[in-house]
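Here the structure comes first, spelled out in structure tokens, and everything after it is commentary.
In our numbering, the protein residues as written are 15 to 172.
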């Protein structure tokens with residue numbers, strides 16, 4: 015299923031990934047990972063066209079705050095453009111990191127993909143988790159499991 019397919023890239027590859035993921039017309043995708051990236055080269059702009067099938071495809075943009083090759087402002091602009099087009103996008107930044115990849119970034123990407131895969135197929139993946147795993151997932155995304163006494167309560171909260 016399309017909701018288990020992810021597209022991603024680093025730097026220029028991230029720009030291509032965002033454009034490919036959001037314009038793919040055949041099925042909604044699981045998500046897009048754009049690392050240290052931008053839209054448009056040399057200050058130019060890119061017309062970002064969203065296919066109806068992918069208006070809800072989430073984009074995770076990860077970027078080093080000390081990137082001197084692709085400035086953080088480029089990642090911020092990408093996220094703003096994607097949101098303005100109506101697709102969900104989030105930006106994660108890493109202090110002191112340049113045009114590179116770091117363990118914290120890898121962990122954020124892993125959590126993003128895991129969350130999306132668990133939500134695929136109408137949340138079927140969530141139903142396969144134990145109560146302990148559901149609590150850990152809720153904690154991971156900053157949600158409370160307080161007041162959840164049954165697995166059904168945790169599933170509803172997730």
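Cβ atoms here follow ideal geometry from the backbone N, Cα and C, with glycine treated the same way.
- For residue 152, the secondary structure class from DSSP, reduced to helix, strand or coil, is helix.
- Checking the DSSP bridge columns, you'll see residue 32 has no partner listed.
- If you check the CB distance, residue 113 and residue 90 do not come in under 8 Å.
- Taking 8 Å as the upper bound for CB-CB distance, residue 104 and residue 125 are not in contact here, some 11 Å apart.
- A direct Cα-Cα distance of roughly 11 Å separates residue 100 from residue 62.
- Secondary structure at residue 70: coil, using DSSP grouped into helix, strand and coil.
- In this structure, the CA atom of residue 144 is about 34 Å from the CA atom of residue 38.
- In the DSSP annotation of this structure, the continuous segment of the alpha helix (DSSP H) that includes residue 89 starts and ends at 86 to 98.
- In this structure, the CA atom of residue 97 is about 27 Å from the CA atom of residue 138.
- For residue 114, no beta strand (DSSP E) run applies, since DSSP gives it neither H nor E.
- If you ignore the 5 residues before and after residue 171, its C-beta comes within less than 7 Å of the C-beta of 152, 157, 159, 162, all in its own chain and listed in chain order.
- Between the alpha carbons of residue 75 and residue 47 lies a gap of roughly 6 Å.
- At the C-beta level, residue 49 and residue 24 come within 8 Å of one another.
- About 24 Å separates the beta carbon of residue 93 from that of residue 18, a gap too long to meet the 8 Å contact definition.
- Residue 106: member of the beta strand (DSSP E) spanning 103 to 108, first to last residue.
- Selection 79, 88, 115 evaluated against residue 107 yields 79 as nearest (Cα-Cα).
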